[in-house]
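**Q** In this note's numbering, each residue carries its 1-based index in the sequence shown increased by 8.
The beta-carbon is built from N, C-alpha and C at its ideal position, and this holds for glycine as well.
After the structure tokens below, expect a handful of questions from me.
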Amino acid sequence: FKAYTQEPTSASGSGEQVPGNDTTSVNFNVLPVVASITENFTAVTFPPTNWVLGNPNANNTWVRNANGNGNAGSAFIDNYNFNLVGQTDELQLPPVNTTGAAVLTIAFDLAHKNFPGFNDRLQVLYSTDCGVTWLPTSFDRSGATLATAGSSTANYTTPAAGDWVRQTVSVNICAAPFSQVRVAFRNTNAYGNNIFLDNISV
């Protein structure tokens with residue numbers, strides 16, 4: 009976006025005195041609206057195209073991991089080695105076209121071991137205003153309720169096949185229909201243990 013002045017006149021009527029400050033511009037991305045999302049993180053590029061990392065502290069955040077559920081890839085956040093308790097990091101998906109839809113369905117595979125006494129939190133959120141504000145869904149878990157494979161004080165680096173549990177979240181958008189909705193996975197660090205996400209579909 010570029011804005012500029014044309015033929016400015018100074019207070020003395022002598023015309024433009026400083027032409028170097030007559031133009032300004034800013035670059036920004038417009039995310040395309042997609043019909044649906046299916047992602048298994050097998051591609052090396054991370055985050056996937058048009059996904060956004062909400063990383064306000066510009067440090068530890070979601071990355072790609074080679075250990076997936078039935079494939080070579082997952083989204084991963086390291087809570088075991090990062091001790092900034094309370095920091096949130098989001099994996100934000102591109103907007104999905106929900107015109108005419110009554111329900112938004114979010115499904116994903118989750119693997120996590122709880123570090124006893126250090127309760128990391130995972131929320132699934134959605135936004136109807138392009139990510140300006142995020143609204144809660146029914147998925148908001150921490151500690152033992154988030155764990156899919158029990159607890160461990162060891163660094164959880166390689167989920168076994170039986171550690172993965174399929175999760176499904178439904179959001180009723182019939183009462184207040186929207187033309188597009190964005191989804192985000194928000195991790196809140198508690199210096200606990202690692203979280204893996206795979207096979208996300210919206």
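1. Where do the N-terminal and C-terminal ends of the beta strand (DSSP E) with V111 fall, by residue?
2. Mind checking K10: buried by the 16 CB within 10 Å criterion, or exposed?
3. Suppose only complete runs of 3+ residues qualify. What are the beta strand (DSSP E) ranges in the region 119–185, listed by chain order?
4. Quick one: what does DSSP say G28 is sitting in, helix, strand or coil?
5. What is the rounded straight-line gap between the Cα of E24 and the Cα of V34?
6. Are the beta-carbon atoms of A192 and G62 separated by less than 8 Å?
7. Around the Cβ of F36, are there at least 16 other Cβ atoms within 10 angstroms (buried) or fewer (exposed)?
8. What is the residue span of the beta strand (DSSP E) that Y12 lies within?
9. For N79, is the classification buried or exposed, using 16 other Cβ atoms within 10 angstroms of its Cβ as the cut-off for buried?
10. Whether or not the region 158–169 and the region 95–107 are in contact is what I'm after, with contact meaning three or more pairs of Cβ atoms, one per stretch, closer than 8 Å; do they touch?
11. Measuring alpha carbon to alpha carbon, tell me which residue in E47, N122 and L118 is nearest S150.
12. On the criterion of 16 or more Cβ atoms from any shown chain inside 10 Å, does V140 qualify as buried, or is it exposed?
13. Please state the DSSP three-state secondary structure of N58.
14. Report buried or exposed for R190, applying the criterion of at least 16 other Cβ atoms within 10 angstroms of its Cβ.
**A** This is what the structure holds:
1. Membership of V111 in the beta strand (DSSP E) is indicated by the continuous run V111 to H120.
2. With fewer than 16 other Cβ atoms within 10 Å, it is exposed.
3. As summarised for the region 119–185, the continuous beta strand (DSSP E) elements at least 3 residues long and confined to that stretch are 129–135, 143–150 and 173–180, given in chain order.
4. Three-state DSSP puts G28 in a helix.
5. About 23 Å.
6. Against a cut-off of 8 Å, the Cβ pair of G62 and A192 comes out as a contact.
7. When all chains shown are included, F36 counts as exposed.
8. Segment K10 to Y12, the beta strand (DSSP E) holding Y12.
9. Note on N79: under 16 other CB atoms within 10 angstroms of its CB, so exposed under the neighbour-count rule.
10. Contact fails: fewer than three Cβ-Cβ distances are below 8 Å.
11. Ranked by how close their Cα comes to the Cα of S150, the residues E47, N122 and L118 have N122 in first place.
12. Burial call: exposed.
13. In the three-state scheme derived from DSSP, where H, G and I count as helix and E and B as strand, N58 is classed as coil.
14. A residue is called buried when at least 16 other Cβ atoms come within 10 angstroms of its Cβ; R190 meets this threshold and is buried.
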